[in-house]
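Number of protein chains: 4
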Amino acid sequence: MTEDTARRPPVTRRGVRTRQALVDAARVIFERDGYLDARLSDITAEANCSTGTFYTYFNDKEEIFAAVMEATKNEMLHPGMEHVDGVDDPAAIIEASNRAYLESYRRNAKLMQLLEQVSNIDPQVRELRRARGWVFVERNARAIKDLQERGLADPDLDPVMASRVLSGMISRFAYATFVLNDGGDFEELVYTATRLWCNALRIDHHLPGRDAMRKK
Amino acid sequence: MTEDTARRPPVTRRGVRTRQALVDAARVIFERDGYLDARLSDITAEANCSTGTFYTYFNDKEEIFAAVMEATKNEMLHPGMEHVDGVDDPAAIIEASNRAYLESYRRNAKLMQLLEQVSNIDPQVRELRRARGWVFVERNARAIKDLQERGLADPDLDPVMASRVLSGMISRFAYATFVLNDGGDFEELVYTATRLWCNALRIDHHLPGRDAMRKK
Amino acid sequence: MTEDTARRPPVTRRGVRTRQALVDAARVIFERDGYLDARLSDITAEANCSTGTFYTYFNDKEEIFAAVMEATKNEMLHPGMEHVDGVDDPAAIIEASNRAYLESYRRNAKLMQLLEQVSNIDPQVRELRRARGWVFVERNARAIKDLQERGLADPDLDPVMASRVLSGMISRFAYATFVLNDGGDFEELVYTATRLWCNALRIDHHLPGRDAMRKK
Amino acid sequence: MTEDTARRPPVTRRGVRTRQALVDAARVIFERDGYLDARLSDITAEANCSTGTFYTYFNDKEEIFAAVMEATKNEMLHPGMEHVDGVDDPAAIIEASNRAYLESYRRNAKLMQLLEQVSNIDPQVRELRRARGWVFVERNARAIKDLQERGLADPDLDPVMASRVLSGMISRFAYATFVLNDGGDFEELVYTATRLWCNALRIDHHLPGRDAMRKK
DNA sequence: TATGAATGAGAATTCATTCAT
DNA sequence: AATGAATGAATTCTCATTCAT
Numbered sequence: 001m002t003e004d005t006a007r008r009p010p011v012t013r014r015g016v017r018t019r020q021a022l023v024d025a026a027r028v029i030f031e032r033d034g035y036l037d038a039r040l041s042d043i044t045a046e047a048n049c050s051t052g053t054f055y056t057y058f059n060d061k062e063e064i065f066a067a068v069m070e071a072t073k074n075e076m077l078h079p080g081m082e083h084v085d086g087v088d089d090p091a092a093i094i095e096a097s098n099r100a101y102l103e104s105y106r107r108n109a110k111l112m113q114l115l116e117q118v119s120n121i122d123p124q125v126r127e128l129r130r131a132r133g134w135v136f137v138e139r140n141a142r143a144i145k146d147l148q149e150r151g152l153a154d155p156d157l158d159p160v161m162a163s164r165v166l167s168g169m170i171s172r173f174a175y176a177t178f179v180l181n182d183g184g185d186f187e188e189l190v191y192t193a194t195r196l197w198c199n200a201l202r203i204d205h206h207l208p209g210r211d212a213m214r215k216k
Numbered sequence: 001m002t003e004d005t006a007r008r009p010p011v012t013r014r015g016v017r018t019r020q021a022l023v024d025a026a027r028v029i030f031e032r033d034g035y036l037d038a039r040l041s042d043i044t045a046e047a048n049c050s051t052g053t054f055y056t057y058f059n060d061k062e063e064i065f066a067a068v069m070e071a072t073k074n075e076m077l078h079p080g081m082e083h084v085d086g087v088d089d090p091a092a093i094i095e096a097s098n099r100a101y102l103e104s105y106r107r108n109a110k111l112m113q114l115l116e117q118v119s120n121i122d123p124q125v126r127e128l129r130r131a132r133g134w135v136f137v138e139r140n141a142r143a144i145k146d147l148q149e150r151g152l153a154d155p156d157l158d159p160v161m162a163s164r165v166l167s168g169m170i171s172r173f174a175y176a177t178f179v180l181n182d183g184g185d186f187e188e189l190v191y192t193a194t195r196l197w198c199n200a201l202r203i204d205h206h207l208p209g210r211d212a213m214r215k216k
Numbered sequence: 001m002t003e004d005t006a007r008r009p010p011v012t013r014r015g016v017r018t019r020q021a022l023v024d025a026a027r028v029i030f031e032r033d034g035y036l037d038a039r040l041s042d043i044t045a046e047a048n049c050s051t052g053t054f055y056t057y058f059n060d061k062e063e064i065f066a067a068v069m070e071a072t073k074n075e076m077l078h079p080g081m082e083h084v085d086g087v088d089d090p091a092a093i094i095e096a097s098n099r100a101y102l103e104s105y106r107r108n109a110k111l112m113q114l115l116e117q118v119s120n121i122d123p124q125v126r127e128l129r130r131a132r133g134w135v136f137v138e139r140n141a142r143a144i145k146d147l148q149e150r151g152l153a154d155p156d157l158d159p160v161m162a163s164r165v166l167s168g169m170i171s172r173f174a175y176a177t178f179v180l181n182d183g184g185d186f187e188e189l190v191y192t193a194t195r196l197w198c199n200a201l202r203i204d205h206h207l208p209g210r211d212a213m214r215k216k
Numbered sequence: 001m002t003e004d005t006a007r008r009p010p011v012t013r014r015g016v017r018t019r020q021a022l023v024d025a026a027r028v029i030f031e032r033d034g035y036l037d038a039r040l041s042d043i044t045a046e047a048n049c050s051t052g053t054f055y056t057y058f059n060d061k062e063e064i065f066a067a068v069m070e071a072t073k074n075e076m077l078h079p080g081m082e083h084v085d086g087v088d089d090p091a092a093i094i095e096a097s098n099r100a101y102l103e104s105y106r107r108n109a110k111l112m113q114l115l116e117q118v119s120n121i122d123p124q125v126r127e128l129r130r131a132r133g134w135v136f137v138e139r140n141a142r143a144i145k146d147l148q149e150r151g152l153a154d155p156d157l158d159p160v161m162a163s164r165v166l167s168g169m170i171s172r173f174a175y176a177t178f179v180l181n182d183g184g185d186f187e188e189l190v191y192t193a194t195r196l197w198c199n200a201l202r203i204d205h206h207l208p209g210r211d212a213m214r215k216k
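Protein chains in written order, with the UniProt record's numbering: chain A, 1 to 216; chain B, 1 to 216; chain C, 1 to 216; chain D, 1 to 216.
See the structure below:
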């Protein structure tokens with residue numbers, strides 16, 4: 001569906017190398033100049049190949065952007081609220097999850113900003129972002145449902161709806177903090193996000209006070 | 001310093017009229033075509049003036065976009081968590097506040113989408129959006145602090161930090177719903193937002209269950 | 001002939017003042033930005049009047065440039081090789097003449113540069129420059145003829161031709177020195193110009209050597 | 001540093017051909033319309049290529065003008081006062097030198113006029129002209145010094161300063177004659193220039209009278 | 001596969017000049 | 001006389017995409 005006119009993948013070893021060089025170069029240029037100001041000629045220059053070569057592997061800027069996103073998928077697939085081996089305290093799991101998410105966001109801030117930018121321009125990328133977000137939402141929804149069933153969370157909340165709101169809350173917070181540079185001490189960010197998340201679900205936690213948390 | 005070539009505001013009635021026509025036209029075109037696809041010539045055509053006239057008042061697209069945003073400031077400065085006459089139930093105030101915010105967002109969805117899009121393109125607009133966000137954040141932070149002092153909200157939260165998270169939560173929620181069309185029944189949205197907000201602050205509410213809310 | 005469509009001169013006192021303000025402003029702007037980059041709107045802004053007012057007094061940029069040149073005529077009409085009261089030594093007269101010319105050029109370097117620039121653009125100004133040069137050439141030609149008749153200068157030179165060459169020599173030298181900034185000590189410039197001029201005419205001078213001249 | 005966006009020179013034969021076609025076309029258009037009235041689109045039309053191709057090799061009009069000047073460097077680097085094989089009469093050498101210079105100037109009058117015009121507009125070209133002028137000045141300064149050392153020229157002149165004045169004299173004379181069309185018989189021009197130059201340096205010449213010279 | 005030159009549609013922008021007030 | 005807003009013709013410049021080698 002999205003690969004209608006896509007160039008066939010490279011078959012020779014040299015082809016693989018060239019394509020990879022283009023994708024790497026594109027990431028550099030996109031992060032440096034943003035999606036709109038990135039010129040294909042900048043990308044090919046960075047990749048040390050000619051402009052014509054670009055079209056051997058990609059049809060246009062959107063397509064190479066998709067390739068960059070595909071290549072960085074692993075860096076971006078944020079950890080969700082999942083089981084942590086040997087830990088069963090819901091609050092601790094949530095905290096670990098939030099910390100992992102925020103750390104990952106911070107590490108990939110440039111890329112996240114790019115994703116945000118392009119998803120406001122290209123519907124296909126918007127779809128990509130939504131799909132990625134949804135993975136996160138669903139994982140958290142399952143966790144919430146589980147807590148509800150175990151009587152540990154507010155049963156009056158629709159798990160999916162609550163997850164959408166809370167997942168969005170964290171991602172928006174991360175965006176404001178690491179892309180818009182709203183700032184704040186990292187541990188405090190984790191603490192606040194976690195406490196609000198737990199409170200929101202009415203998790204019967206025995207959270208320590210702020211000061212105790214901070215000492216960690 | 002940044003206003004090198006800034007056009008001066010009109011002094012005659014005619015000038016005021018023309019400038020306003022341009023701003024109005026720009027809003028129409030921006031909402032119709034998006035920021036990137038809007039051509040200045042479309043704007044001047046819509047405003048029934050020559051292309052040259054555009055430059056009497058603005059230097060470029062960014063500048064007229066800023067003017068559009070300025071002109072719609074009142075529509076966009078969302079109501080926050082403030083006192084509602086004769087009501088002292090915190091949960092009711094929060095609900096009213098959220099409802100007002102979401103309604104306002106829904107009404108101006110196109111404009112909000114634009115703001116979102118352009119703030120990922122133009123640093124000046126990014127700053128504008130951030131500033132507007134902070135108005136909201138600070139107002140809510142004051143309300144949270146007040147509730148804490150009255151012993152009605154979780155005292156272990158930093159008011160500003162908590163407000164950043166929760167304000168972001170609502171705005172992200174509104175964006176997903178009204179811009180990305182994630183859907184959902186409006187009353188349910190208000191209910192969920194409010195419940196999560198109250199829970200998050202550990203407000204000692206006596207909220208009715210979901211079904212009761214829905215009947216409203 | 002040149003005043004075909006010229007605006008009528010101002011009659012009221014206010015008109016005189018405004019026109020003068022425009023001419024003064026034009027000189028400032030022309031000297032600052034050069035003829036080509038000077039915008040009429042810059043001139044009117046500098047003169048504290050509206051753009052429309054410009055056309056009350058001038059038809060276009062060329063016309064106000066002519067007015068600037070007219071206004072500075074006195075500063076620019078360079079002294080020539082004329083009688084100096086009580087002095088009859090031809091070499092001394094030539095030296096005084098060259099010194100006066102070079103000083104005048106140095107003082108008005110900006111204006112001379114402008115005249116040079118515009119005369120390469122506007123034929124009318126080219127004519128003006130030629131006419132001004134010619135005044136200088138003729139005055140010097142008369143002086144040369146006089147010296148020849150008195151047996152003090154090389155009789156094998158055509159006075160007008162020699163004057164053209166020598167007058168041009170000084171003006172070109174002044175241009176290179178004060179506009180192109182070729183530099184050099186002022187007294188040395190005067191000395192060299194004078195000595196060459198005298199030599200060229202084979203004036204039977206008793207010129208002191210370089211070092212003696214320099215001590216002056 | 002100043003070559004931010006400088007286009008790189010062509011590497012293929014085709015590229016060389018196209019670039020050359022553009023430079024040739026530019027010379028035609030510049031000579032026909034003058035620098036200011038020359039439109040890039042005229043140049044590309046004359047070169048039979050698209051407007052975009054222009055930017056493959058040049059950034060703007062100034063740059064292609066510089067390329068035209070570079071390409072005509074050999075035609076323009078005027079012969080100076082140098083040794084003429086088998087001739088040792090200084091006056092004869094000076095005459096040959098002046099004749100060569102004036103002939104070269106006459107041949108390239110259009111180009112010289114352009115150089116004059118543009119150097120009053122573009123500082124880079126001004127620098128270029130100055131540099132070219134200095135080549136001439138220095139060569140003549142060396143010749144003057146040589147004559148002084150051999151006791152054949154006025155020792156009280158600084159060679160460089162005298163050369164500046166005299167070289168400027170010839171170039172100004174040529175400009176007036178061939179660009180401003182001040183007229184005059186060519187042999188008479190050569191005669192006058194030579195006689196004045198020799199006189200100015202007090203070269204002990206045995207120049208024939210004017211009429212004798214003219215018969216050549 | 002790779003190259004790099006050629007293309008050209010399309011939009012922004014300037015500013016002298018006019019003109020109604 | 002003065003004002004200042006409106007005009008629009010005219011050019012430059014960009015860069016994704018094609019294509020011959």
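Glycine included, each C-beta is placed from N, C-alpha and C at the ideal position.
At a Cβ threshold of 8 angstroms, is residue i touching chain C?
i: LEU201(D); result: yes
i: residue 223(D); result: Given that chain D is displayed from residue 1 to residue 216, the structure contains no residue 223(D) and the question cannot be resolved.
i: LYS216(D); result: Unreliable positioning characterises LYS216(D) in this predicted model, as indicated by a pLDDT of 42, which lies under 50. The coordinate reading is nonetheless provided below. Chain C contact via Cβ: absent.
Can you tell which of the options has its C-alpha closest to the C-alpha of residue i?
i: SER41(B); options: GLY34(B), GLY52(B), GLU31(B); result: GLY52(B)
i: ARG142(A); options: ALA162(A), ASP156(A), GLU127(A); result: ALA162(A)
i: ARG7(B); options: PHE54(B), SER50(B), ALA25(B); result: PHE54(B)
i: ASP158(C); options: TYR175(C), PHE136(C), ASN140(C), PHE173(C); result: ASN140(C)
i: ARG27(B); options: ASN181(B), ALA96(B), LEU114(B), ASN74(B); result: LEU114(B)
i: GLU63(D); options: TYR101(D), ASN48(D), LEU22(D), GLU31(D); result: LEU22(D)
Under DSSP, the alpha helix (DSSP H) around residue i begins and ends at which residues?
i: SER167(A); result: 159-174
i: ILE94(D); result: 90-107
i: PRO155(D); result: That residue, PRO155(D), is in no alpha helix (DSSP H); it is neither H nor E in DSSP.
i: ILE203(C); result: That residue, ILE203(C), is in no alpha helix (DSSP H); it is neither H nor E in DSSP.
May I have the straight-line CA-CA distance separating residue i from residue j, to the nearest angstrom?
i: ALA71(C); j: GLU70(D); result: 40 angstroms
i: ARG129(B); j: PRO10(A); result: 44 angstroms
i: CYS198(B); j: SER104(B); result: 21 angstroms
i: ALA35(B); j: THR177(B); result: Strictly speaking, residue 35(B) in this sequence is Tyr, with Ala absent from that position. Cα to Cα, the separation comes out at about 21 angstroms.
i: LYS145(D); j: VAL190(C); result: 20 angstroms
i: ARG99(D); j: PHE58(C); result: 47 angstroms
i: residue 223(A); j: SER97(A); result: Outside the shown range of chain A, which is 1 to 216, sits residue 223(A), and nothing can be said about it.
i: ARG132(B); j: ASN108(A); result: 26 angstroms
i: CYS156(A); j: LEU147(A); result: The sequence given here places Asp at residue 156(A); Cys does not occur at that position. Each residue's alpha carbon lies about 12 angstroms from the other.
i: ILE94(C); j: VAL160(C); result: 16 angstroms
i: GLY15(C); j: ARG172(C); result: 39 angstroms
i: GLN124(C); j: VAL118(C); result: 9 angstroms
i: ASP154(C); j: LEU201(D); result: 14 angstroms
Taking 8 angstroms as the CB-CB limit, is residue i close to chain D?
i: ASN59(C); result: no
i: VAL165(C); result: yes
For chain A, find out if any of its Cβ atoms is closer than 8 angstroms to the Cβ of residue i; answer yes or no.
i: ASP122(B); result: no
i: SER50(B); result: no
i: GLN117(B); result: yes
Is any beta-carbon of chain B found at less than 8 angstroms from that of residue i?
i: ASP156(A); result: yes
i: ARG172(A); result: yes
i: MET169(A); result: yes
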